[in-house]
Amino acid sequence: AGFNLINISLFHPSTLLFIIFLMMIGGSPGGTAGGFKTTVFAYFSAWVRSVIKGEEEVILRERFVNKEEILRAFSIILFYISFSLISLFFLLITEYKVYNNRGFLPILFEIFSALGTVGLSTGSSKVSNLSLAHDFSIYGKLILIILMFSGRAGMLTLYSAFIKKKKLPYKYPEAECYLA
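Oh and the sequence shown: position 108 is 108 in UniProt numbering, straight run, nothing missing.
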């Protein structure tokens, strides 16, 4: 991982955002790629399509998808994005000099590259052929290390470590609310 033939810092910002989107999705389950996985994205996309069409059931490749699986996929994506935003918050605090020098997008790219276990970087502004992490303080590097380990372990593993499933002896009444 981390081999590139083109200098990524020369990419247009829209291209960097598209690569960030691909790094967010990641690879398929069972592989070494990070991200929230292609199957989670497929379930989420199928759910969005069914909501837009006004369908009661979520159908993916002529198969019914259980509502619990859709909720799990949605919560994994939400957890992934929340984890990324919290990391971004702390990196913007610790790496304000890098932010002032390079801007917002290279730091965001570094976060999703670490979470996705991709290995790409927009590069250091101080030394050529080195990662942007070279410009980070020790605290920023520790945040990236945590992101890399988290991306390798997987979002489902982290999610299950933080959220304990409790079986309640009672059931709450159903809530009804008009959304938009």
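All residues carry an ideal CB built from backbone N, CA and C; glycine is no exception.
When DSSP assignments are scanned along the region 46-79, the uninterrupted stretches of beta strand (DSSP E) that are 3 or more residues long and fall wholly within it turn out to be 58-60 and 63-65. For phenylalanine 112, same chain residues with a beta-carbon under 8 Å away, outside a window of 5 residues either side, are Ile20, Met23, Met24, Ser84 and Val118 in chain order.
Annotated three-state conformation of serine 28 is coil, per DSSP. Counted as a single uninterrupted DSSP element, the alpha helix (DSSP H) harbouring phenylalanine 104 occupies residues 104-115.
Taking 8 Å as the cut-off, the beta carbon of serine 121 is found no closer than this to the beta carbon of leucine 105. Judged by DSSP in its simplified three-state form, proline 13 adopts helix. Shown here for proline 13: same chain residues with a beta carbon closer than 8 Å to its own, the five before and five after excluded, namely Leu105 in chain order. Collapsing the DSSP output to three states places isoleucine 6 in coil. With respect to isoleucine 8, glycine 123 sits close: the two C-beta atoms are nearer than 8 Å. Under the rule that a run must span 4 or more residues, the alpha helix (DSSP H) segments found entirely inside the region 134-165 read 138-153 and 155-162.
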